[in-house]
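Visitor:
In our numbering, the protein residues as written are 12 to 373.
1. Which residue from 148, 115, 330, 107 puts its Cα closest to that of residue 297?
2. By how many angstroms is the C-alpha of residue 90 removed from the C-alpha of residue 353?
3. Could you tell me how far apart the beta carbons of residue 116 and residue 144 are, in whole angstroms, since I believe they sit closer than 8 Å?
4. Can you list, in chain order, the stretches of the beta strand (DSSP E) that have 3 or more residues and sit fully within the stretch 98-139?
5. Report yes if the C-beta distance between residue 172 and residue 270 is below 8 Å; otherwise report no.
6. Inspect the beta-carbon positions of residue 86 and residue 111 and report whether they are closer than 8 Å.
7. Indicate whether residue 309 and residue 330 have their beta-carbon atoms separated by less than 8 Å.
8. Rounded to a whole number of angstroms, what is the C-alpha to C-alpha distance between residue 278 and residue 109?
9. Which residues mark the beginning and the end of the alpha helix (DSSP H) in which residue 324 is found?
10. Write down the C-beta distance between residue 267 and residue 169 rounded to the nearest angstrom, noting that I regard them as a contact closer than 8 Å.
11. Out of curiosity, what's the CA-to-CA distance linking residue 125 and residue 195?
12. Could you please give the first and the last residue of the uninterrupted alpha helix (DSSP H) stretch that includes residue 218?
13. Pairing CB atoms from the stretch 77-84 with CB atoms from the stretch 49-57, are three or more of them under 8 Å?
14. Can you tell me which residues form a DSSP beta bridge with residue 276?
15. I'd like to confirm the pairing. Which residues does DSSP put opposite residue 82 in its beta bridges?
16. Return the first residue and the last residue of the beta strand (DSSP E) that residue 226 is part of.
17. Which residue from 167, 214, 121 puts its Cα closest to that of residue 362?
18. Mind checking who residue 156 pairs with in its DSSP beta bridge?
19. Quick one: does residue 195 have its CB under 8 Å from some CB of chain B?
20. To the nearest angstrom, how far is it from the Cα of residue 240 to the Cα of residue 94?
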């Protein structure tokens with residue numbers, strides 16, 4: 012019996028290897044050969060770790076390239092790479108939100124010398140950086156996640172708009188990610204300053220701070236605490252709420268798209284300038300923009316809408332009504348790319364001494 016099981020295991024491994032080779036055949040053989048010559052690849056990922064791990068494992072299996080990865084928030088990555096001063100410890104950046112990618116590009120930390128062939132499958136021009144520093148792989152809607160049981164227990168209605176979040180009855184009930192560490196929070200800053208105007212947007216965020224209980228290090232932090240009731244109202248990407256409902260069984264979570272408008276993230280992939288394994292990095296970008304990679308997302312609890320035309324959209328996103336066409340069409344990605352760092356600094360200055368205590372991460 013043991014001998015039979017061993018033979019079956021060997022056969023399954025052989026079939027997996029053959030399937031991986033077949034998938035690899037869809038990529039430029041010259042690039043594959045050059046990438047394999049690099050021998051290894053190091054990835055920093057800012058998407059959720061299960062998806063990051065699955066993508067890196069799949070890439071390693073398909074191409075036989077040793078692939079290491081580390082999960083870091085989108086705020087941590089550019090800081091780390093900038094400190095390394097032209098000698099980056101990783102080759103490629105995968106997932107997260109695009110605002111910190113724009114900051115990294117402006118600081119000369121990203122490489123735009125390679126134009127991926129698979130970028131031809133992007134469904135809109137906004138899903139890539141106009142100067143070629145990053146390319147989108149998914150998009151997600153910014154909104155609210157609430158614990159229905161906790162709201163009912165407190166006798167409160169769920170917020171419907173951004174302005175609702177300022178109501179005094181929500182004091183110490185709201186969680187948001189940290190403006191200094193999370194791309195999600197940076198998108199909140201840009202959205203409020205663009206929708207309301209600079210000064211009124213700053214004023215809004217200062218007033219919102221009065222109702223914030225916790226600022227989390229990662230953008231998905233609030234969503235992970237809504238179902239258990241520690242967080243009553245979480246601000247973040249609604250696909251993270253789907254993960255908590257579908258994968259973790261928290262049916263007490265309600266997802267809300269703000270009635271007064273909202274924005275979306277673009278989750279990119281990019282190559283670091285000075286990457287030591289540049290050919291492997293280029294191949295990974297092609298892989299990230301292919302169904303081989305993006306179709307794995309839903310199976311790892313990541314339910315973002317995919318932005319390439321040959322991908323299979325996760326049915327869960329549609330079932331919960333998270334249609335990207337519902338987002339505010341006035342959001343200016345170019346303004347965000349140019350001014351996010353200044354806007355975050357403006358918010359922190361306006362918060363003043365409150366930032367010393369309120370921005371402790373959890």
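Every residue gets a Cβ at the ideal spot worked out from N, C-alpha and C, and that includes glycine.
Guide: So, to answer that:
1. 148
2. 16 Å
3. 4 Å
4. 103-105
5. yes
6. yes
7. no
8. 6 Å
9. It is not in any alpha helix (DSSP H) - residue 324 carries neither H nor E in the DSSP assignment.
10. 6 Å
11. 27 Å
12. 209-220
13. yes
14. 151
15. 56
16. 223-227
17. 214
18. 245, 266
19. This model lacks chain B altogether; it includes just one protein chain.
20. 38 Å
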